[in-house]
Amino acid sequence: MRIYLVGYMGSGKSTIAKSLAYRLSLDFVDLDRYIIEQQGMGIDEIFQNHSEQYFRELETEALIELSKRDNTVISTGGGTPCFNGNMDLIKASGLSIYLKVAPEMLISRLQSSHTVRPLVQGKTTEELSDFVNMSLASREPFYSLANITIANPSRDVTKIVEILSYYNENIN
18 MRIYLVGYMG SGKSTIAKSL AYRLSLDFVD LDRYIIEQQG MGIDEIFQNH
68 SEQYFRELET EALIELSKRD NTVISTGGGT PCFNGNMDLI KASGLSIYLK
118 VAPEMLISRL QSSHTVRPLV QGKTTEELSD FVNMSLASRE PFYSLANITI
168 ANPSRDVTKI VEILSYYNEN IN
């Protein structure tokens, strides 16, 4: 079993994926952390020293590697499904869950986050709002291809486990 969590940055993918993996007794991999460990530098450094395109290529390579691991919950980066046919790979190699969060909540979470996020770093509230709304609209068609969509997900993964159980019994 391979489960991918997709959604915009700040949607809770890493936190929920970690809890879900624990609850289901599966391994957990955060795709961004995986890339950081492989490259020996942070995402922000990769963006600064190379480019976003270079990062997206690394992301796809890492996703291909992880798509071969069994019994794993993978937290993808916010843009992962939107580049290089990655959503096709995600769908072909596992079950995908879209954590759908309202733009206002995402903006609030991103403003209070301690995580360095190169795409939103240094933006004013208005710039951040414009960026989130615009980029979320362009990413939504990719996210919506996920097998399951969970709106306003809770950190308590009980509901997600119930949904997965139902999905496996009745749909899959």
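The sequence shown stops at residue 189 when you use my numbering, and every number in between is there.
Positions of the beta carbon are idealized from the N, C-alpha and C atoms, including for glycine.
Small disclaimer: the values here were computed from a predicted structure and weren't measured.
(message) Rounded to whole angstroms, what is the Cα-Cα separation between Thr141 and Ala109?
(response) Approximately 39 Å, taken between the alpha carbons.
(message) Any contact between the stretch 117 to 129 and the stretch 164 to 176? By contact I mean 3 or more CB pairs, one from each, below 8 Å.
(response) With a cut-off of 8 Å, the stretch 164 to 176 and the stretch 117 to 129 count as touching, because enough Cβ pairs lie within range.
(request) For Ile81, collect the residues of the same chain with a Cβ closer than 8 Å to its Cβ; drop the 5 residues on either side in sequence, then sort them by chain order. (result) Once the five neighbours on either side are set aside, the close Cβ partners of Ile81 are Leu106.
(request) Could you say which of Asn103, Ile53 and Lys35 lies nearest to Ala163 if we only look at CA atoms? (result) With distances taken between CA atoms, Ala163 lies nearest to Asn103 out of Asn103, Ile53 and Lys35.
(request) Find out if the Cβ-Cβ distance for the pair Ile52, Glu74 is shorter than 8 Å. (result) Pairing Ile52 with Glu74 gives a Cβ-Cβ distance that is not under 8 Å.
(request) Could you work out which residue in Glu62, Leu127 and Leu22 is closest to Tyr84 when comparing CA atoms only? (result) Checking the sequence shown, residue 84 turns out to be Ser, not Tyr. Ranking the options by Cα distance to Ser84, first place goes to Leu22.
(request) Could you tell me which of Phe100, Gly24 and Ser36 sits nearest to Val149, measuring between CA atoms? (result) Across the set Phe100, Gly24 and Ser36, the C-alpha of Gly24 shows the shortest separation from the C-alpha of Val149.
(message) Going by the DSSP bridge assignment, what does Leu116 pair with across the sheet?
(response) Under DSSP, Leu116 shares a beta bridge with Ile167.
(request) Go through its chain and collect everything with a Cβ distance to Met26's Cβ below 7 Å, but skip five positions before and after it. (result) Taken in chain order, the residues that qualify are Gly95, Leu127 and Arg134.
(message) Let me make sure I understand the geometry here. Which of Asn187, Ser152 and Asp44 has the alpha-carbon closest to that of Cys99?
(response) The residue among Asn187, Ser152 and Asp44 with its C-alpha nearest the C-alpha of Cys99 is Ser152.
(request) Output the distance between the C-alpha atoms of Thr32 and Val90, rounded to the nearest integer angstrom. (result) When rounded, the distance between both Cα atoms is 11 Å.
(request) Could you say which of Gly111, Ile60 and Tyr160 lies nearest to Val137 if we only look at CA atoms? (result) Distance check between Val137 and each of Gly111, Ile60 and Tyr160 places Ile60 closest, using alpha-carbon atoms only.
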